[in-house]
Amino acid sequence: MADNTMNARVSWHEDMTFVATSGSGHQVIMDGDSPGKAPSPMEMVLMSAGSCASVDVVSILQKARQDFSECYCELSGKRADSTPKVFTDIHIEFVVVGKSVSESHVERAVKLSADKYCSVAKMLEASVNITHSYRIEEA
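Numbering (my numbering), first residue to last: 270 to 408.
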């Protein structure tokens, strides 16, 4: 049976700056000040949702042999007015740039990520309204 445990360490550096080290040894800097020297923890949550979904979309489009040179997502997160200022809504818009990219393949990739594969979004959707859209730009 596989071990599904992940580990990380977050260490205070200075002011409100923290260094997070993953179990695989990768590091990111976060900052609780606004504006700070690095993304805030909530910005990291938003970026994590986009990164996770993007991995899925790119992988699915590659398997479908779509000819694209760029894929990115733009995210917008609305937060609660009172503390704790959790996300209440997140919108993820994917942009796929390529030659004759099939709209049905992009739609399918975004739907599969949202409904089945993106573990970050699946975890968040219990308390956050997450919506998706996409657009295709010809290269």
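Quick reminder that beta carbons are idealized off the backbone N, C-alpha and C, glycines included.
Does DSSP put residue i in a helix, in a strand, or in coil?
i: residue 348; result: strand
i: residue 299; result: strand
i: residue 372; result: helix
i: residue 390; result: helix
Rounded to whole angstroms, what is the Cα-Cα separation between residue i and residue j?
i: residue 328; j: residue 315; result: 20 Å
i: residue 275; j: residue 292; result: 7 Å
i: residue 229; j: residue 408; result: Nothing can be reported for residue 229, as the shown portion of the chain is limited to 270 through 408.
Using C-beta distances below 8 Å, list every residue in its chain close to residue i, excluding the 5 sequence neighbours before and after it, in chain order.
i: residue 318; result: 344, 359, 361, 387, 389, 390, 393, 399
Can you give me the start and stop residues for the alpha helix (DSSP H) that residue i sits inside?
i: residue 323; result: 310–332
i: residue 355; result: Element bounds for residue 355: n/a, residue is neither H nor E.
i: residue 383; result: Premise fails: residue 383 is in no alpha helix (DSSP H) and is neither H nor E.
Over the uninterrupted beta strand (DSSP E) stretch that includes residue i, give me the two end residues.
i: residue 402; result: 398–407
i: residue 293; result: No beta strand (DSSP E) holds residue 293; DSSP gives it neither H nor E.
i: residue 277; result: 277–283
Between residue i and chain B, is any beta-carbon pair separated by less than 7 Å?
i: residue 290; result: Among the chains of the structure shown, chain B does not appear; only one protein chain is present.
Can you find the residues in the same chain that come closer than 6 Å, C-beta to C-beta, to residue i, ignoring five residues on each side of it along the sequence?
i: residue 297; result: 289
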